[in-house]
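Below is one structure, written out as structure tokens, with a few remarks after it.
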Amino acid sequence: MIRVELRKLVGRPRTWISIGLLCLLPVVVAVLLSVTEIAPRPGQGPTLLSAVLGNGALFPAAALGIVLPFFLPIAVAVQAGESVAGEAAAGTLRYLLVRPVGRTRLLVAKLVSVVAFTLLAVVAVAVVGYVAGVTLLGTSGTLTTTTLAGTALTPADLAWRTGVMVLYIGWSMVGLAAVSMLLSTMTDSPIAAALGGLAVLVSSTVLVTLDAAGAVRDYLPTRYWLAWVDLFRDPVPWGDITSGVLVQTGYVVVLLGAAWANFTTRDVTT
39 MIRVELRKLV GRPRTWISIG LLCLLPVVVA VLLSVTEIAP RPGQGPTLLS AVLGNGALFP
99 AAALGIVLPF FLPIAVAVQA GESVAGEAAA GTLRYLLVRP VGRTRLLVAK LVSVVAFTLL
159 AVVAVAVVGY VAGVTLLGTS GTLTTTTLAG TALTPADLAW RTGVMVLYIG WSMVGLAAVS
219 MLLSTMTDSP IAAALGGLAV LVSSTVLVTL DAAGAVRDYL PTRYWLAWVD LFRDPVPWGD
279 ITSGVLVQTG YVVVLLGAAW ANFTTRDVTT
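All letters in the sequence shown, in the order written, are residues 39 to 308 by our numbering.
And the structure:
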């Protein structure tokens, strides 16, 4: 069943259109940075952006930073919202459940497909960002961190930091996907499930900025989304990154558990 879902994922044109559009925006930004003088030069302005201009090998971080707040969550929410509700809307869910597959196995297959899409999108943006950065912005012999001028990152240092960044952002998106997957088991409308996930995203983003939400701020799903920037500090402060992993793990376990409980007891009549 997992193999079938993965084949459906890679065979859908919309999968590659979504990923292509996600990759396009960072490329456009890289082109603009390479041909204009609107961005700060190294040592001036936002540290990460000025560091990128000094070495394009850091551009994967900037590329993911560009798509993370809005575009990547939309793509993930749509994919997760369509996972079960899409089958119900198309009238195929009942026929899938008639087969000797089992609801748990079907839900796991859908989850694997969503996680695969999420990781594929994040990795694609990072790889395209690296190629665009190196090609358009160039490289230097050493890479400076985003905080300590003159502190160098070896290629090995940059590789593991970038790899952890990809995994961290991917896991953060799985937390959002869990929201839309839960809603996908509760409605026959993929759009409603996706919009529900995005509503949680917007609400969390707004609440994080409010002093009145201080008591719950550290438990909001988007609270630690940008903690990956700490990976490019020296030494790496792991506090917020660890907290982000734990918060997303809590959402994934609770929401996917609720999705399983709802789906395995749901009366499917369409």
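Note that the Cβ used here is the ideal one computed from N, Cα and C, for glycine as well.
Residue i, buried or exposed, once every other Cβ within 10 Å from all chains shown has been counted against 16
i	result
Gly188	Residue placement at Gly188 is poorly supported in this model, since its pLDDT is 47, which falls under 50; the coordinates still yield a value, given next. Counting Cβ neighbours within 10 Å, Gly188 comes out exposed, since fewer than 16 surround it.
Ala238	Note on residue identity: the sequence assigns Val, not Ala, to residue 238. Answer is buried; the Cβ neighbour count reaches 16.
Val46	The sequence shown places Lys at residue 46, rather than the Val named in the question. Exposed is the call here.
Ser222	buried
Leu191	buried
Thr303	exposed
Arg261	buried
Asp249	exposed
Leu284	exposed
Val66	exposed
Val42	exposed
Ser241	exposed
Gln82	Residue placement at Gln82 is flagged as unreliable, the pLDDT there being 43, under the threshold of 50; the coordinate-derived value follows with that caveat. That one is exposed.
Thr53	buried
Secondary structure of residue i, DSSP reduced to three states
i	result
Ala190	strand
Thr302	helix
Met219	helix
Val274	coil
Val73	helix
Gly94	helix
Asp226	coil
Val169	helix
Leu131	helix
Phe108	coil
Val254	coil
Thr243	helix
Met39	coil
Thr280	helix
Gly58	helix
Arg52	helix
Contact check, residue i vs residue j, beta carbons under 7 Å
i	j	result
Ile207	Val274	no
Leu309	Leu175	What is shown of the chain runs 39 to 308, which leaves residue 309 out entirely.
Leu60	Phe109	yes
Val172	Ala95	yes
Pro28	Glu125	Residue 28 lies beyond the residue range present for the chain, which begins at 39 and ends at 308; the question has no answer from this structure.
- Determine, using beta-carbon pairs with one atom in the segment 145-161 and one in the segment 213-225, whether at least three such pairs fall under 8 Å. yes
- Message: Between the segment 236-256 and the segment 268-279, can you find at least three pairs of beta-carbon atoms closer than 8 Å?
- Response: no
- Are the segment 109-119 and the segment 265-275 touching by the rule of at least three beta carbon pairs closer than 8 Å? Below 8 Å, too few C-beta pairs join the segment 109-119 and the segment 265-275 to call them touching: fewer than three.
- Task: Taking 8 Å as the threshold, find out whether the segment 292-302 comes into contact with the segment 143-154 through three or more Cβ pairs.
- Result: yes
- Message: For the pair the segment 119-133 and the segment 199-206, tell me if three or more CB-CB distances fall below 8 Å.
- Response: no
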